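Below you'll find the structure, written out as structure tokens, and then a few comments.
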Amino acid sequence: MTNKVSNVKIERHSGIVRFIHWTVTISIFILIFTGIGQMPMYKRYMVDQIMGLTWSSNYTVTLMLHYLAASALISASLYHVIFHGFLKEFNLLPQRGDLKESYLIIKAILTKGQEPPSHKYLAEQRLAYAFIVLNIALTIITGVIKVLKNLPSWEFGNGLLYWTTMVHNAATFMIIFGIAAHLGAFIMKENRNLLPSMFTGKVDLGYVKHRHSLWFNELIKQKKINPQAADKVSFSSYR
Ligand code: HEM
Ligand code: HEM
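Under the working numbering, the residues of the sequence shown are numbered 3 to 241, in order.
And the structure:
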């Protein structure tokens, strides 16, 4: 197979979108690490013996870091919702028929057949987005209840606290699963063409024409790509 791409790039994610993505990623990694630290696991499994990680079994330190990362996650999430809501950018919201379309895309990848034409995001990316958003929202809602519980002025029943902890922990597990699936998607060569978009912001125009043809046509309509350049680009194989 040749290694041919068009070498013309097009912007897929702005600097702000990338900043929000990496703020969410870093804060979630810190929340998972410090949350597990509160269970408490790191003394028992001697993680706190590792050089530079002696603080990991100190409850006050992990709690403070958990709060700090939680503020970053909540701010980034609110910004994301307001920013895209204001710009009316709803490309990532699931649509009717996404389950069937995801099946057709995965089938085409496995059988080297033809994928259905995609918009800016593939149907499976829209489903994955809904899954991760739901679980992040659940950790935020239950997390706020847990913060209030730690304040002297609030009293909650044991039942509510039990369910809050159950949902907070279950959503943590789902988020870890979601991240594994998100990164696992890049094992497929087809999806690797999207990788540069979260670093440089750009993807190959030939790839867009080939795989995200509905988005490609829209970009031409919006005059975001030059029709002559669009005519010339092609994409003969996946990297
Ligand atoms: C807590 C961890 C993370 C979360 C919650 C997360 C979430 C998301 C979401 C919701 C999207 C939007 C579209 C999609 O679902 O593909 C996205 C896109 C993306 N993410 Fe992540 N992400 C995480 C970590 C990472 C990491 C570690 C990488 C490293 C390679 C990465 C690379 C990407 C790329 C390349 C895209 C762009 C895909 C495209 O342009 O369609 N993500 N991420
Ligand atoms: C991806 C996001 C998050 C993950 C993965 C996560 C994970 C965890 C885990 C594993 C625990 C330990 C088990 C427990 O005590 O229930 C925990 C505890 C806790 N989390 Fe989170 N969390 C997240 C977000 C949040 C947010 C957004 C807040 C606050 C708004 C928050 C506040 C708390 C509090 C207050 C505790 C209990 C501390 C205590 O009283 O011992 N978490 N978290």
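C-beta: ideal position from N, C-alpha, C; glycine also.
Here the structure is a predicted model, which is why all the values come from computation and not from measurement.
Query raised in the report: Between the C-alpha atoms of K223 and P229, what's the straight-line distance to the nearest angstrom?
Result: For the purposes of this step, residue 223 is taken as residue 221 along the sequence shown, with counting starting at 1. For the purposes of this step, residue 229 is taken as residue 227 along the sequence shown, with counting starting at 1. Their Cα atoms are separated by approximately 9 Å.
Query - contact_flag[the segment 211-223, the segment 121-132] where n(CB pairs < 8 Å) is 3 or more - result: Contact between the segment 211-223 and the segment 121-132 is present, because at least three Cβ pairs lie under 8 Å.
Query raised in the report: Does the Cβ of Q230 lie closer than 7 Å to at least one heavy atom of ligand 1?
Result: Residue numbering aside, residue 230 sits at position 228 when the sequence shown is read from its first letter. Flag unset: Cβ of Q230 not near ligand 1.
**Report entry** Residues that D206 bridges to, as DSSP identifies them
**Finding:** To locate residue 206, count along the sequence shown from 1; it is residue 204. Under DSSP, D206 forms a beta bridge with K11.
Requested in this report: Using beta-carbon positions only, say whether V245 and G208 come within less than 8 Å of one another.
Outcome: Since the displayed the chain opens at 3 and closes at 241, residue 245 lies outside it and no answer follows.
Query raised in the report: How many Å lie between R20 and A187 at the Cα?
Result: For the purposes of this step, residue 20 is identified with residue 18 of the sequence shown, where counting begins at 1. For the purposes of this step, residue 187 is identified with residue 185 of the sequence shown, where counting begins at 1. Looking at the two C-alpha atoms, the distance is approximately 19 Å.
Report task. Report the rounded CA-to-CA distance for L136 versus K225, giving the unit in angstroms. Result -> As a position in the sequence shown, residue 136 is number 134, starting the count at 1. As a position in the sequence shown, residue 225 is number 223, starting the count at 1. If I take the Cα positions, the gap works out to 35 Å.
Query - T27: CB within 7 Å of a non-hydrogen atom of ligand 1 - result: Counting from one through the sequence shown, the residue named residue 27 turns up at place 25. Yes, since a heavy atom of ligand 1 falls inside the 7 Å radius drawn around the Cβ of T27.
Query raised in the report: Is L185 near ligand 1, going by C-beta to nearest heavy atom under 7 Å?
Result: Position 183 of the sequence shown, counted from the first residue, corresponds to residue 185. At least one heavy atom of ligand 1 is nearer than 7 Å to the Cβ of L185, so yes.
Query raised in the report: Sorry if obvious, but does the Cβ on Q127 come closer than 7 Å to a heavy atom of ligand 1?
Result: The sequence position of residue 127 within the sequence shown is 125, counting from 1. The answer is yes for Q127.
Report task. Could you tell me the boundaries of the alpha helix (DSSP H) in which T56 lies? Result -> Counting from one through the sequence shown, the residue named residue 56 turns up at place 54. Looking at the DSSP string, T56 is not in any alpha helix (DSSP H), and its letter there is neither H nor E.
Requested in this report: Starting from the Cα of K191, find the closest Cα among K151, I108, S236 and give me that residue.
Outcome: What you label residue 191 is simply residue 189 of the sequence shown in a count that begins at 1. Out of K151, I108, S236, I108 has the C-alpha closest to the C-alpha of K191.
Report task. Could you check what DSSP says for F92 in three-state terms: helix, strand or coil? Result -> Here the question's residue 92 lines up with position 90 in the sequence shown. In this structure, F92 counts as coil in the three-state DSSP scheme.
Query - Three-state class that DSSP yields for E126 in the structure shown - result: Residue mapping note: residue 126 aligns to position 124 of the sequence shown, counting from 1. DSSP places E126 in helix when its eight states are reduced to three.
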